[in-house]
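Residue numbers (our numbering): 24 to 145. Glycine included, C-beta positions come from ideal geometry on N, C-alpha and C. These notes are about the structure you will find just below.
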Amino acid sequence: MTDVAETKHLQKRGETWHYYRRVPTKLIPILEKTFIKVSLGTTDLKEARKRRNIKDVEFDAMMAGAEAHLESSSDTVKNGLAPVSMPMLTDYLRQHVEAKDQQKPQILRPPSLQAIRHSVQK
């Protein structure tokens, strides 16, 4: 049986894995969707998990953009939400990675002197 954490936001349709997320209720009028469903184009669970992680970041950026749009707009939204721009996605991804780095700091150790000598002798 597959672990739930391994398949979070994933559904298998036939042999292909799909990304599946519910849109927050307050953002449905902006996005005009209740779910985001995207084929990941793979039958391999390991590859699907990698692609899911990318889709999670894109989804979070899209929701952040929709929330910003919702907060800045006092009128009823008529045309929906424009696609997330690359600079906005890049900025969101940078902030996401920095937050994750702060949650679990990893100590990077420089290579040992012996390892450096060994690589120079080759």
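Residues of its chain near Thr51, where Cβ-Cβ distance is below 7 Å and the 5 sequence neighbours each way are ignored | Locating residue 51 in the sequence shown gives position 28, counting from the first residue. It is Ile, not Thr, that sits at residue 51 in the sequence shown. Excluding residues within five positions, the ones whose Cβ falls inside 7 Å are Thr57.
Mind listing, in chain order, the continuous alpha helix (DSSP H) runs of no fewer than 4 residues lying wholly within the stretch 26-78?
-> 51-54
Using alpha carbons as the reference points, say which of His119, Glu94, Thr66, Lys69 lies closest to Phe82.
-> Looking up residue 82 in the sequence shown gives position 59. Measuring from the Cα of Phe82, the nearest candidate turns out to be His119.
Specify the secondary structure class of Ser108 as computed by DSSP and reduced to three states.
-> Position 85 of the sequence shown holds residue 108. Looking at Ser108 - three-state DSSP - the assignment turns out to be coil, as it is neither helix nor strand.
Starting from the C-beta of Val46, find all residues in its chain whose C-beta is less than 7 Å away, skip the five residues before and the five after it, and write them out in chain order.
-> Here residue 46 refers to the residue found at position 23 of the sequence shown. Cβ within range, chain order: Leu54, Lys56, Thr57, Phe58, Ile59.
Three CB pairs or more closer than 8 Å across the stretch 28-47 and the stretch 59-72 = yes
Around the C-beta of Lys78, are 16 or more other C-beta atoms found within 10 angstroms, so that it is buried, or is it exposed?
-> Taking the first residue of the sequence shown as position 1, residue 78 is located at position 55. Counting Cβ neighbours within 10 Å, Lys78 comes out buried, since at least 16 surround it.
CB of Lys49 within 8 Å of CB of Leu93, strictly = Counted from its first residue, the sequence shown places residue 49 at position 26. Counted from its first residue, the sequence shown places residue 93 at position 70. Yes; because the gap between Cβ atoms is below 8 Å, this pair is in contact.
Taking the CB atoms as reference points, tell me whether Tyr42 and Arg75 lie closer together than 8 Å.
-> The residue given as residue 42 occupies position 19 in the sequence shown. The residue given as residue 75 occupies position 52 in the sequence shown. Yes, these two residues count as a Cβ contact at 8 Å.
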